Amino acid sequence: MADIEKKPIKIMETILRDAHQSLIATRMTTEQMLPIVDKMDKVGYHAVECWGGATFDASLRFLKEDPWERLRKFRDGFKNTKLQMLFRGQNILGYRPYADDVVSYFVQKSVANGIDIIRIFDCLNDLRNLQTAVSAANAEKAEAQVALSYTLGDAYTLEYWVEIAKRIEDMGADSICIKDMAGLLVPYEASRLIKALKEATSLPIELHTHYTSGVASMTYLKAVEAGVDVIDTAVSPFALGTSQPATEVMVETFRGTPYDTGFDQSLLAEIADYFRPIRDEALASGLLNPKNMGVDIKTLMYQVPGGMLSNLTSQLKEQNAEDKYYDVLAEVPRVRKDLGEPPLVTPSSQIVGTQAVFNVLMGERYKMATKETKDILSGKYGATVKPFNEDVRKKVLGEEAEIITCRPADLLEDELDTLRGECEKWMQQEEDVLTYALFPQVATEFFKYREAQQTKVDYGEADVKHGSYPV
Ligand code: CO
Numbered sequence: 001m002a003d004i005e006k007k008p009i010k011i012m013e014t015i016l017r018d019a020h021q022s023l024i025a026t027r028m029t030t031e032q033m034l035p036i037v038d039k040m041d042k043v044g045y046h047a048v049e050c051w052g053g054a055t056f057d058a059s060l061r062f063l064k065e066d067p068w069e070r071l072r073k074f075r076d077g078f079k080n081t082k083l084q085m086l087f088r089g090q091n092i093l094g095y096r097p098y099a100d101d102v103v104s105y106f107v108q109k110s111v112a113n114g115i116d117i118i119r120i121f122d123c124l125n126d127l128r129n130l131q132t133a134v135s136a137a138n139a140e141k142a143e144a145q146v147a148l149s150y151t152l153g154d155a156y157t158l159e160y161w162v163e164i165a166k167r168i169e170d171m172g173a174d175s176i177c178i179k180d181m182a183g184l185l186v187p188y189e190a191s192r193l194i195k196a197l198k199e200a201t202s203l204p205i206e207l208h209t210h211y212t213s214g215v216a217s218m219t220y221l222k223a224v225e226a227g228v229d230v231i232d233t234a235v236s237p238f239a240l241g242t243s244q245p246a247t248e249v250m251v252e253t254f255r256g257t258p259y260d261t262g263f264d265q266s267l268l269a270e271i272a273d274y275f276r277p278i279r280d281e282a283l284a285s286g287l288l289n290p291k292n293m294g295v296d297i298k299t300l301m302y303q304v305p306g307g308m309l310s311n312l313t314s315q316l317k318e319q320n321a322e323d324k325y326y327d328v329l330a331e332v333p334r335v336r337k338d339l340g341e342p343p344l345v346t347p348s349s350q351i352v353g354t355q356a357v358f359n360v361l362m363g364e365r366y367k368m369a370t371k372e373t374k375d376i377l378s379g380k381y382g383a384t385v386k387p388f389n390e391d392v393r394k395k396v397l398g399e400e401a402e403i404i405t406c407r408p409a410d411l412l413e414d415e416l417d418t419l420r421g422e423c424e425k426w427m428q429q430e431e432d433v434l435t436y437a438l439f440p441q442v443a444t445e446f447f448k449y450r451e452a453q454q455t456k457v458d459y460g461e462a463d464v465k466h467g468s469y470p471v
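Reading the sequence shown from the start, the letters are residues 1 to 471 in UniProt numbering.
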């Protein structure tokens, strides 16, 4: 291989965000993470993902921590490594679309507090829902990475991915991520996809996958050979299962090849030694479910994310209708088609799954529709890649219903001033208005807790064991 050009593969480390979000419901505390930051900073990672996704909500709700404070501590500790966050397009880190002024201000403050790379995605891959965040990241001189929610289906041909990648380049993104949240991207398909994307755009391509279906490290191998620039991994104690492939394994795989990372394996071992007791503790307390550590091949068979399968099981159990499991599984792809064949990722996975359960249990399709099904069919989430099933749309919304075809956020008035008015009395820093904007109720409870702590009133231990998040 001596005549082959050296092209070290870049590694993005997820242990401080996705890995613990996927395995232990985002419950790692700042206190648990800070002591190892110094060593992690010496590895030579392309970036460390440490913020955004569900960490913001979990910090406030379960850990009683200020997420902004956590970010500033990471920034202090990581002197040489870029910090990365995950951002849900117009939904920021929350569960509803926000007005553009909130989106832009959130990006501005994220960067001001230490973020270098913002990975932005939308559950429908409607790029209009990403434009405000991308432009704001550009304005703040942060790296704007657009992530495509990867999925399978008639609409998702190689041509589709190539076409959308070109549009991402045109919209001002600095890099592209293939975000395979369900572990559906198999090795040889990854090879085809990465080659096609590298030909279509000059942007760096990053691949993000989950180990859920068991193929992820082979997928990375083929993707790297096909020219991918960055892969996302987690240090071994929080790797595999519903998390990412292990950092040490990928580093060793490429040693002595043109893709050699040059990372110090003994330094990685020290980092793994640090996290292992945290994992053991999570296993002992039940926070880490051994079920999440195995291979879930059903995710490939039914082409639905593992987390969605377990949601369906528990929804059916609640209704005493577990015998309808396979009927519901067969209904899921039909509902998905009716709703324009969206990728199945939060929140579209919940919308499709719940409607499929309704359709089966009611004995008549769309006899009852959820509010979210109505919203998606009226265009409130944005445009889907395929058209809606018109008969279904009419049945759910009626003949005369108004359909939104514009960018949904165009209908939202600026809301920052109103929000500021509502939370002014709690504010101790500018960032608090953004915390409040995302989760008004949880934020207010946190603000009260914070004040009480400052006046030395004992509110007891934070509840860190309950509640969970989708992968
Ligand atoms: Co992920």
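Positions of the beta carbon are idealized from the N, C-alpha and C atoms, including for glycine.
Note that the coordinates shown come from a computational prediction; the quantities given were computed from them, not determined experimentally.
Restricting to Cα atoms, I'd like to know which of the options is closest to residue i.
i: Ile-164; options: Gly-153, Ala-147, Leu-152; result: Ala-147
i: Gln-355; options: Gly-363, Pro-342, Val-335; result: Val-335
i: Tyr-366; options: Gly-382, Glu-413, Glu-390, Lys-380; result: Glu-390
i: Ile-205; options: Val-228, Tyr-220, Val-224, Leu-184; result: Val-228
i: Gly-379; options: Thr-313, Val-396, Cys-406; result: Cys-406
i: Asn-125; options: Arg-167, Val-111, Phe-106, Gln-441; result: Arg-167
i: Glu-5; options: Ala-155, Lys-39, Tyr-259; result: Tyr-259
i: Pro-277; options: Thr-212, Arg-255, Ser-236, Ala-223; result: Ser-236
i: Val-442; options: Ala-47, Pro-67, Glu-13, Ile-9; result: Pro-67
i: Glu-199; options: Gly-398, Glu-430, Val-396, Val-162; result: Val-162
i: Glu-69; options: Tyr-449, Thr-30, Asp-100, Met-293; result: Thr-30
i: Ala-58; options: Asp-375, Ile-403, Ile-271, Arg-27; result: Arg-27
i: Tyr-188; options: Pro-440, Leu-221, Lys-425; result: Leu-221
i: Ile-231; options: Glu-13, Arg-75, Gly-262, Val-396; result: Glu-13
i: Met-362; options: Lys-337, Gln-350, Lys-371, Asp-327; result: Asp-327
i: Met-301; options: Val-186, Lys-195, Tyr-160, Ile-92; result: Val-186
i: Lys-7; options: Glu-399, Val-433, Arg-255, Lys-425; result: Arg-255
i: Lys-425; options: Asp-323, Arg-450, Met-293; result: Arg-450
i: Val-295; options: Gly-214, Met-250, Gln-303; result: Gly-214
i: Ala-369; options: Phe-263, Gln-453, Leu-397; result: Leu-397
Drop a sphere of 10 angstroms on the beta-carbon of residue i, count the other beta-carbons inside from all chains shown, and report buried for 16 or more, exposed for fewer.
i: Gly-467; result: Caution is warranted here: a pLDDT of 43 is assigned to Gly-467, below 50, making its placement in the model unreliable, and the coordinate value is therefore given only provisionally. The residue in question, Gly-467, is exposed, as its Cβ has fewer than 16 Cβ neighbours within 10 Å.
i: Ala-330; result: exposed
i: Lys-109; result: buried
i: Ile-118; result: buried
i: Lys-465; result: Only weak support is given to the placement of Lys-465: the predicted model assigns it a pLDDT of 44, under 50, and the value that follows is read from those uncertain coordinates. Flag for Lys-465 reads exposed.
i: Asp-463; result: At Asp-463 the pLDDT is 48, less than 50, meaning the model places this residue with poor confidence and gives no usable figure here.
i: Ser-348; result: buried
i: Gln-90; result: buried
i: Glu-143; result: buried
i: Leu-411; result: exposed
i: Thr-455; result: exposed
i: Pro-290; result: exposed
i: Asn-320; result: exposed
i: Thr-346; result: buried
i: Tyr-436; result: buried
i: Met-40; result: buried
i: Asp-76; result: exposed
i: Val-471; result: Any reading at Val-471 needs caution, since the residue's pLDDT is 36, under 50, leaving its predicted position unreliable; the model's value is listed next. It counts as buried.
i: Tyr-95; result: exposed
Does the separation of the CB atoms of residue i and residue j fall below 8 Å?
i: Gln-265; j: Glu-281; result: no
i: Ser-191; j: Ala-226; result: yes
i: Lys-42; j: Leu-344; result: no
i: Thr-384; j: Pro-342; result: yes
i: Trp-51; j: Leu-34; result: no
i: Leu-158; j: Leu-193; result: yes
i: Ile-178; j: Gln-145; result: no
i: Leu-438; j: Phe-56; result: yes
i: Gly-340; j: Pro-408; result: no
i: Gly-53; j: Leu-86; result: yes
i: Ile-11; j: Thr-257; result: no
i: Ile-24; j: Phe-275; result: no
i: His-20; j: Phe-238; result: yes
i: Ile-176; j: Leu-203; result: yes
i: Ala-173; j: Val-134; result: yes
i: Tyr-150; j: Leu-184; result: yes
i: Gly-307; j: Val-332; result: no
i: Ala-261; j: Ile-9; result: In the sequence under discussion, the amino acid at residue 261 is Thr, which differs from the Ala named in the question. Their beta carbons are under 8 Å apart, which means Thr-261 touches Ile-9 by this criterion.
i: Ile-22; j: Ser-243; result: Note that residue 22 is Ser in the sequence shown, not Ile. The answer is yes: Cβ separation under 8 Å.
i: Arg-140; j: Val-107; result: A quick correction: the sequence has Glu, not Arg, at residue 140. A contact, by the Cβ cut-off of 8 Å.
i: Ala-182; j: Pro-305; result: yes
i: Leu-416; j: Val-102; result: yes
i: Leu-287; j: Lys-298; result: no
i: Arg-17; j: Glu-49; result: yes
Completely contained alpha helix (DSSP H) runs for the stretch 181–243, where each covers 4 or more residues: 187–200, 216–225
In chain order, each alpha helix (DSSP H) run of at least 4 residues that lies wholly inside the stretch 56–117: You should have 67–77, 100–112.
Continuous alpha helix (DSSP H) assignments of at least 4 residues falling wholly in the stretch 364–431: 371–377, 390–397, 416–423
Complete runs of the alpha helix (DSSP H) confined to the stretch 277–312 [at least 4 residues]: If you keep only unbroken alpha helix (DSSP H) runs of at least 4 residues inside the stretch 277–312, you get 298–301.
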